[in-house]
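In terms of the numbering used here, the sequence shown is residues 113 to 192. The beta-carbon is built from N, C-alpha and C at its ideal position, and this holds for glycine as well. All values reported here derive from a predicted model rather than from experimental measurement. These notes are about the structure you will find just below.
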Amino acid sequence: MAGFLIKRLLQAIFVVIAITLIVSFAIRLTGDPAVTMFQGGGSMTEDDLARIRAALGTDQPFLVQYWTFMKGLVTLDFGR
Numbered sequence: 113m114a115g116f117l118i119k120r121l122l123q124a125i126f127v128v129i130a131i132t133l134i135v136s137f138a139i140r141l142t143g144d145p146a147v148t149m150f151q152g153g154g155s156m157t158e159d160d161l162a163r164i165r166a167a168l169g170t171d172q173p174f175l176v177q178y179w180t181f182m183k184g185l186v187t188l189d190f191g192r
């Protein structure tokens, strides 16, 4: 019984990681979130976009963003 539960737990962890990776890649395929958020909202300077990217964390490499998300997932901190 314990072996079955451990096997199922490991499978569940693998599935969660796989799904979060797929969703993270899909979100990045849509383009820059900072630009997408403010389409049609007037003119944005590069400084404005840089501040928004820093606030969202999208100025960091993908693996850093993913690691930050996974740490939040484990601690039940889903963001601001």
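In the three-state DSSP reduction, Q123 falls in the helix class (H, G or I). With distances taken between CA atoms, P145 lies nearest to R163 out of F126, L133, R163, I134. Note that the C-beta distance between F174 and R120 is not below 9 Å. Assignment of T132 by DSSP, reduced to helix, strand and coil, places it in the helix class. Residue range 174-186 is occupied by the alpha helix (DSSP H) that includes L175.
Annotation for D160: the continuous alpha helix (DSSP H) segment containing it runs 158-168. With respect to the 9 Å criterion, I134 and M182 are not classified as neighbours on the basis of their beta carbons.
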